[in-house]
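Sequential numbering of the sequence shown, starting at 0, is according to numbering that gives the first Met the number 0.
What follows is a set of notes on a single structure, which appears directly below.
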Amino acid sequence: MHKRTTNQEEAMPIVVVGSRNPVKVAAVQAAFAKLGDAWEVRAVDAPSGVSPQPIGHAETRRGARNRAQAALAAYPNAEFGVGLEGGVFEYDGEWYTGAWCAIVDRDGRVGWAGGGLILLPPAVVEGLRAGHELGTLMDRLSDEHNTKQKMGAIGLLTNGLVGRQETYEHLVLRALARWRRPEWFESEEEAG
């Protein structure tokens, strides 16, 4: 999957996460560990460029892409930048939380994956409608602190059956599809 090398010896390829959130960094580490090559995972504070609580797919995707692009720009020798952005989504009067992952490379290609949607309880929805962030609402509901850097809403709502890290890891793996099967994306790239 990686092609860049130095003249003297092959360097370990670098992937940069557009966040220092330990859950996001661990998810990227776990996903890239499954690729078979050794990857160096670095993290940078990267602005999402969207509201603190993204609402809807367009805003959440934009935040993921912005983080990925800023991460890649921060390390000139990196192969990939990864952006993970959580958001909330309304469907037929019900609210869900989920996330988008964007992975960008030096050639301008973007790999996308989204999902992990889970229904939010009425008390949380009321808070979202009042303009509060999901993380703050989940902290209050669970009587815990900084849950978005731990198991997140997903882990709290499933009572530990599925966590935020696991959900994000699967998004990263799915966003890598365009590099795992590049021949299936060639016609899109040639038209681009």
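Quick reminder that beta carbons are idealized off the backbone N, C-alpha and C, glycines included.
Nothing here was measured: the structure is a model prediction, and the numbers come from that model.
Once DSSP output is grouped into helix, strand and coil, what is the label at residue i?
i	result
Tyr167	helix
Thr96	strand
Gly160	It should be pointed out that residue 160 corresponds to Leu in this sequence rather than to Gly. Looking at Leu160 - three-state DSSP - the assignment turns out to be coil, as it is neither helix nor strand.
Leu119	coil
Asp142	coil
Gly154	helix
Glu182	helix
Lys149	coil
Please classify residue i as buried or exposed, where buried requires at least 16 neighbouring CB atoms within 10 angstroms.
i	result
Gln7	Annotation note: pLDDT 39 at Gln7 (below 50); position unreliable, coordinate value reported separately. That one is exposed.
Gly107	exposed
Quick one: measure Cβ to Cβ for residue i and residue j, integer angstroms, because I've assumed they're closer than 8 Å.
i	j	result
Glu89	Ala98	No, Glu89 and Ala98 are not in contact; Cβ-Cβ is about 16 Å, not under 8 Å.
Val81	Val27	5 Å
Arg79	Val14	The sequence given here places Phe at residue 79; Arg does not occur at that position. About 5 Å; that satisfies the 8 Å criterion.
Leu140	Ala129	Not quite, the Cβ-Cβ distance comes to about 14 Å (not below 8 Å), so this is no contact.
Leu170	Ala112	5 Å
From the DSSP output, which residues share a beta bridge with residue i?
i	result
Ala176	Ala176 is not bridged to any residue.
Trp111	Ala101
Val14	Val40 and Phe79
Please give me, in chain order, every unbroken run of the alpha helix (DSSP H) with length at least 4 that falls completely inside the region 20-105. 21-32 and 56-73
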